[in-house]
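FYI, in the numbering used here the residues of the sequence shown are 1416 to 1750.
Worksheet: one structure, shown below.
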Amino acid sequence: MKLAAIKDQKTARRSILALMAACLLICFSAKSTKAQSPPTNPTSTTPSATDSAIRTFDDAHLSWTPYTTPRHELLLFLPGTAGKPHRTQFLETAASLGYHVIFLMYPDDIAAQQACANSDDPNAYMQFRLAIIEGGNYSDRTNISRADSIDSRLRHLLRYLDSHQPGQGWSTFLEADGAPKWSSIAVAGQSQGGGHAYVISKIHPVARVIFFGSPKDYSFRFRAPAGGFDSNTKTPLSRYFAFNHIEDRQGGCNHEQQMEIFKKIGLTTYGIADADHPTPAYNRAHLIFTDGQLADMSQMPQIHNFAVNNATVLSSSGKPICPPVWNYLLTEPVK
């Protein structure tokens, strides 16, 4: 289905859905929380406890062991700009589906678009992200030590969890040399974190990639997707998924520009699904969009972040759309 048609079909029902969303927000939130109440709390681990060389961005990582039979895959989740690990329904859904889960704290104070959108270097976004993922110096403002990098923080956390929670399966996600075993790790991210998820999947063959409100690596200087955001990745294209809102314009990157990024990556070849349909059939699509109503459609951060934190976006039949999409993103077979 073409996205323009999807958008046109939904305009007439916006006012009705807005009222339904407002009236049913509390009801569905309470119901969803009760239905997904986890049997255990996540483990909090400060980054500096895993590596004494870490001195900044020390808000606690969160980790979950599977609530059911393990699927022997780790879901690594990376937050957006200024994000901090916290409990989310999406991550608890992952644990209920057998994933080990890590919500990782990393240096995320500078938005990629703030640093790169108007740069005269077409590879600015890629260099910015590699500095955060592996450690390095992108600019005076983005000088990341190796200890503070995503890669180092993850490997030290996995070693720490394996030591402090023996027998819980954390060693499954470490190579013999102590590096992350990327082939057993699914990487998901929201906003800035989604861009990092793409770059990780570009340089490592990962188990699965999930984008929320991302990627938004678009150069306003060149009026084109950022250099390096293409189909040349170590991870097969069949393992990429995205769930975004059509009205998401966070950071100045709108839906049309984001579609340019998806086309350059090659993800549009796997089809587009409408999450708002009363009985959605994803049909193995890897791009899922909603134009659904939130409690306050005037708040852009809410639209940008909804897919991770909010299960009360409503379909035309008045049902929350996020839980079934989450299940699909986490369990759809990949090659």
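Think of the CB as a built atom: it goes at the ideal place given N, C-alpha and C, for glycine as much as any other residue.
Note that the structure is a prediction, hence the values are computed from the model and not measured.
Could you name the residues of the same chain whose beta carbon sits closer than 8 Å to that of Thr1508, not counting the 5 residues immediately before and after it, in chain order? Gln1451, Pro1738, Trp1741, Asn1742 and Leu1745
Is the distance from the Cβ of Lys1649 to the Cβ of His1619 below 7 Å? yes
Compute the distance between the beta-carbons of Phe1627 and Gly1643, then report whether it is under 7 Å. no
Residue ranges of each beta strand (DSSP E) run of no fewer than 3 residues wholly in the segment 1665-1727, ordered along the chain? 1687-1689 and 1702-1705
So what does Asn1659 bridge to, in DSSP terms? Phe1704
Spatial distance of Gln1817 from Cys1531 (CA atoms): Here the chain has residues from 1416 to 1750 only, and residue 1817 is not among them.
Where does the unbroken beta strand (DSSP E) through Gly1604 begin, and where does it stop? Ile1600 to Gln1605
Whole-angstrom C-beta distance between Ile1703 and Phe1658, which should lie under 8 Å: 5 Å
Need the endpoints of the alpha helix (DSSP H) that Arg1544 sits in, please. Ala1539 to Glu1549
Straight-line Cα distance separating Lys1679 from Ala1591: 36 Å
Cα-Cα, which of Trp1585, Ala1622, Ser1564 and Arg1699 is closest to Asp1466? Ser1564
To which residues of the same chain is Phe1769 closer than 8 Å at the C-beta, ignoring the five residues directly before and after it? Nothing in the structure corresponds to residue 1769, since the chain is present only between 1416 and 1750.
Among Val1602, Ser1534, Lys1617 and Met1674, the one whose alpha carbon lies nearest that of Tyr1553: Ser1534
Taking the alpha-carbon positions, what's the Leu1432 to Ser1586 distance? Residue confidence for Leu1432 is low, a pLDDT of 43 falling below 50, so the modelled location carries little weight and cannot support an answer.
Considering only C-alpha positions, which residue in the set Gln1504, Gln1673 and Tyr1613 is nearest to Leu1652? Tyr1613
Nearest CA to the CA of Pro1481: which residue from Leu1569, Asp1632 and Asn1456? Asn1456
Under three-state DSSP, which class holds Gln1451? Confidence at Gln1451 is low in this model, with a pLDDT of 44, below 50, so its placement is unreliable and the value that follows should be read with caution. Coil.
Cβ-based burial, Asp1663 [other Cβ within 10 Å; buried from 16]: buried
Using a 10 Å radius around the Cβ and a threshold of 16 neighbouring Cβ atoms, would you call Cys1442 buried or exposed? Note that Cys1442 scores 42 on pLDDT, short of 50, meaning its location in the model is unreliable; the coordinates nonetheless yield the value given after this. It is exposed - the Cβ of Cys1442 has fewer than 16 other Cβ atoms within 10 Å.
Ala1639 - DSSP class collapsed to helix/strand/coil: strand
Could you tell me the distance, in whole angstroms, from the CA atom of Asp1523 to the CA atom of Thr1496? 5 Å
Just how far apart, CA to CA, sit Ile1661 and Asp1706? 5 Å
Where in the segment 1472-1529 do unbroken runs of the beta strand (DSSP E), each at least 3 residues long, occur, reported from the N-terminal end onward? 1476-1479, 1489-1493 and 1515-1518
Below 8 Å on the Cβ atoms is my guess for His1611 versus Leu1729; work out the distance and round it to an integer in Å. Not a contact, Cβ separation roughly 30 Å.
Proximity to Leu1477 [Cα-Cα], best of Arg1470, Cys1668, Lys1499 and Thr1471: Lys1499
With DSSP as the reference, label Phe1588 as helix, strand or coil. helix
As assigned by DSSP and simplified to three states, the class of Arg1470: coil
Distance between Pro1716 and Gln1665 (C-alpha atoms, nearest Å): 7 Å
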